[in-house]
Structure formats: C-alpha cells, structure tokens
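>
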Amino acid sequence: MTGYDPTPTIGWGLAALVLGALGLGWNARRRSAQR
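The structure is reproduced here in structure tokens:
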C-alpha cells in the first residue's frame, strides 16, 4: 500500500459515533421511561 486513504477510517469513526450516540440516547430514554 503506497498511498494511505483515510476515508474508510473516517467512515468507521462516524459509524461508531452514531452508534454510540444512539446507544446513549436509547439508555437515557429507557431510564426516564422506567421512572
């Protein structure tokens, strides 16, 4: 690999951020609903 393309890494990073945000939102929603 002579040239490094950071696009895939950025894509995975964005996917991880989106999944993490969804997970936190889902947990907060469930916690508020339980009360």
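Going by UniProt numbering, the sequence shown opens with residue 1, and the numbers climb by one from there.
The C-beta atom is built at its ideal place from N, Cα and C for all residues, glycine as well.
Taking only the alpha-carbon atoms, compute the straight-line gap between proline 6 and asparagine 27 and give it to the nearest angstrom.
Proline 6 and asparagine 27: Cα-Cα distance of roughly 32 Å.
> With DSSP run on the structure shown, which of helix, strand or coil describes threonine 7?
Reduced to three states, the DSSP call for threonine 7 is helix.
> Could you tell me the alpha carbon to alpha carbon distance between arginine 10 and alanine 16, rounded to whole angstroms?
It is isoleucine, not arginine, that sits at residue 10 in the sequence shown. Each residue's Cα considered, the two are about 10 Å apart.
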